[in-house]
Amino acid sequence: MGSEEKTLQAGITYGEYRELANKSLETGDIRGGAGMRDYVELNNRRMDRAEKTVKIGEDLAEAVENMTESHTMIVLSEAWCGDASQSVPVLAKIGELSDKLKTRILFRDDNLDLMDRYLTNGGRAIPKAIFVRDSDGAEVASWGPRPEEPQAIVKAWKEAGGENKDKMIADVQKWYAKDRGNSIQKEIKEVVKGL
Numbered sequence: 001m002g003s004e005e006k007t008l009q010a011g012i013t014y015g016e017y018r019e020l021a022n023k024s025l026e027t028g029d030i031r032g033g034a035g036m037r038d039y040v041e042l043n044n045r046r047m048d049r050a051e052k053t054v055k056i057g058e059d060l061a062e063a064v065e066n067m068t069e070s071h072t073m074i075v076l077s078e079a080w081c082g083d084a085s086q087s088v089p090v091l092a093k094i095g096e097l098s099d100k101l102k103t104r105i106l107f108r109d110d111n112l113d114l115m116d117r118y119l120t121n122g123g124r125a126i127p128k129a130i131f132v133r134d135s136d137g138a139e140v141a142s143w144g145p146r147p148e149e150p151q152a153i154v155k156a157w158k159e160a161g162g163e164n165k166d167k168m169i170a171d172v173q174k175w176y177a178k179d180r181g182n183s184i185q186k187e188i189k190e191v192v193k194g195l
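Take the sequence shown: its position 7, counted from the start at 1, is 7 in the UniProt record's numbering, and no numbers get skipped.
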């Protein structure tokens with residue numbers, strides 16, 4: 001068994017990801033350290049909201065159903081990541097649409113070799129969805145760490161000197177709340193059509 005197959009088998013479901021995040025809050029064993037506790041709590045609420053409010057569009061469902069080959073969408077994530085809290089529930093719902101696309105989540109910090117192949121402007125930004133063709137294990141596409149519009153907000157913030165990070169984060173989270181997962185769906189639909 002190759003290392004890529006082992007990586008896929010090490011992946012967890014979205015339900016397991018949520019369970020591990022909740023358990024870490026109960027035990028105090030927070031991935032990334034105790035300083036991440038507040039982020040994990042906040043992100044759990046965000047994921048709860050996304051699970052209730054995000055509706056997958058028919059055009060995306062049709063694109064997934066029309067895939068000619070099966071793929072696994074590996075999602076690199078951590079429960080403390082604000083972008084992940086908005087995107088991973090949407091990606092998980094997409095992975096439930098058809099047997100042709102399944103979702104497995106890997107913790108970024110446990111899979112840096114894979115993460116380092118998908119850097120964003122030199123950084124280990126997450127979440128990152130990597131599409132692997134099941135027939136041969138080839139990594140054929142990727143998406144992330146966030147949709148184009150919030151990515152532009154982050155880029156502009158960095159180019160302006162990176163001051164007032166809290167405002168930038170608030171702006172990005174407001175964008176996610178207004179968008180309700182629609183932009184992620186549009187972008188993933190384009191990825192899926194190219195598979």
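By construction, the Cβ of each residue, glycine as well, lies at the ideal position given by its N, Cα and C atoms.
The segment 139-155 and the segment 15-24 do not touch, with fewer than three beta-carbon pairs separated by less than 8 Å. V88 sits away from Y39, with the two beta carbons spaced by 9 Å or more. The DSSP-derived three-state label of M67 is coil.
Judged by DSSP in its simplified three-state form, K178 adopts helix. Straight across, the Cα-Cα distance linking R117 with S142 is about 11 Å. Sequence-distant Cβ neighbours of V140 in its own chain, meaning closer than 8 Å and more than five residues away, are H71, F131, V132, R133, L195.
G32 is a Cβ neighbour of D109, given a cutoff of 9 Å. The closest CA to that of V192, considering only R104, A129, K23, N43, is found on A129. The alpha-carbon separation between D48 and D113 amounts to approximately 30 Å.
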